[in-house]
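Only one structure is covered here, and it is reproduced in the block below.
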Amino acid sequence: MAENKKSLGVADGKVVYNAGIVKGIVALAVSEIAGVAISAKKKRSGGANDAIRLKFSDRGINVDVNITVYTGFKVPDVAFNVQQNIKQSVESMSEYKINEVNVHVDNVITDVDAITEQ
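Residue numbering for the sequence shown follows my numbering, starting at 20 and increasing by one per position.
See below:
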């Protein structure tokens, strides 16, 4: 668990998940929360979107996620719900434990027309 697994499969009788699988679980968990979306971040030179970042350690996974909050939703409540849903989703869908979830609010959309454009 201390290292970033490169592939999904069975190794020494254990199921291992690559970081892409865990990022997919995190993205799904965020999409289940009302009033929030994963921020569209610029892609890095390697082509990876840095809106979701994972760091694997001996104690678990540290997750950093950048979000956009829509008008009419309380930022602290949305951030708390995102944290709880990510923790519950990753721990129930994989054998990994979540050490911490850091939610970074990049944007708050207050224009109703901008919501429908996205």
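Ideal placement from N, C-alpha and C gives every residue a C-beta, glycine not left out.
Considering residue i, what are the terminal residues of the beta strand (DSSP E) in which it resides?
i     : result
Asn81 : 80-89
Ala56 : 55-57
According to the neighbour-count rule (16 or more other Cβ atoms, all chains shown, within 10 Å of its Cβ), is residue i buried or exposed?
i      : result
Ser108 : buried
Thr129 : exposed
Thr87  : buried
Ala48  : buried
Val82  : buried
From what residue to what residue does the alpha helix (DSSP H) around residue i run?
i     : result
Ile40 : 38-50
Put residue i into one of helix, strand or coil per three-state DSSP.
i      : result
Phe75  : strand
Glu119 : strand
Ser108 : helix
Name the DSSP bridge partner or partners of residue i?
i      : result
Ile128 : Tyr89
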